[in-house]
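Numbering follows the numbering used here, in which position 61 of the sequence shown is assigned residue number 136; successive positions increment by one, without gaps. Beneath this line is the structure, given in structure tokens, with notes to follow.
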Amino acid sequence: GLPAVFGDAGGRLEQACPPQLGPDHALAHVHRFLRERLPTGPDLRRELVEQVVADMRRAAPGERVADVAARHNVSERTLQRLFAAYVGIGPKWVLQRYRLHEAIEQLQAQDEVDWARLALELGYYDQAHFARDFRALVGRTPAQYDAARPDLTRRRPEAEPR
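See the structure below:
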């Protein structure tokens with residue numbers, strides 16, 4: 076209920092809104108309760124998280140959370156706490172997903188794939204780690220994904236001029 080989310084204030088809100096007083100009474104109390112909790116100014120922590128996420132999208136392959144944190148002048152632990160509060164998942168998870176999205180884009184742009192080279196280009200230590208992360212995200216190995224994609228997604232060589 077409300078106390079689990081808002082603590083004692085949520086419990087007081089529940090008590091102020093007994094069902095017999097009707098929905099209009101409850102709605103007035105809920106509106107006032109929420110208005111009192113609106114942010115009064117810019118949330119610099121949220122803005123920092125937005126900047127970090129945008130930076131992660133452009134991060135070089137193999138970049139670590141510690142690298143991103145240092146670039147934004149915060150500790151790795153602070154970044155983890157900010158992500159827990161504002162994103163709901165850890166920064167490592169976000170970096171990994173962006174890296175795997177890049178892998179899928181590269182797979183779709185190539186006819187023949189050198190898996191070991193692709194894994195290294197994406198910053199993986201080896202092909203096995205890449206395949207494990209890929210399978211965790213996509214539900215199949217990179218080779219299975221590549222074999223199952225329709226010919227329409229494969230890059231075609233340009234037609235030769237006549």
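Note that beta-carbon positions come from the ideal geometry of N, C-alpha and C, so glycine has one too.
Going by beta carbons, Ala141 and Glu125 fall outside the 8 Å limit. Minimum Cα-Cα distance from Asp186 among the listed residues His176, Asp201, Ala222, Gly198 corresponds to Ala222. Within the model, the alpha-carbon separation for Arg207 versus Pro78 is close to 41 Å.
Each residue's CA atom was taken as its position, placing Pro114 and Val149 some 23 Å apart.
For Gly82, no alpha helix (DSSP H) segment is defined, and its DSSP state is neither H nor E. Per DSSP, the continuous alpha helix (DSSP H) segment holding Leu195 begins and ends at 190 to 196. Across the structure, Met131 and Gln90 are spaced so that their CA atoms are roughly 45 Å apart.
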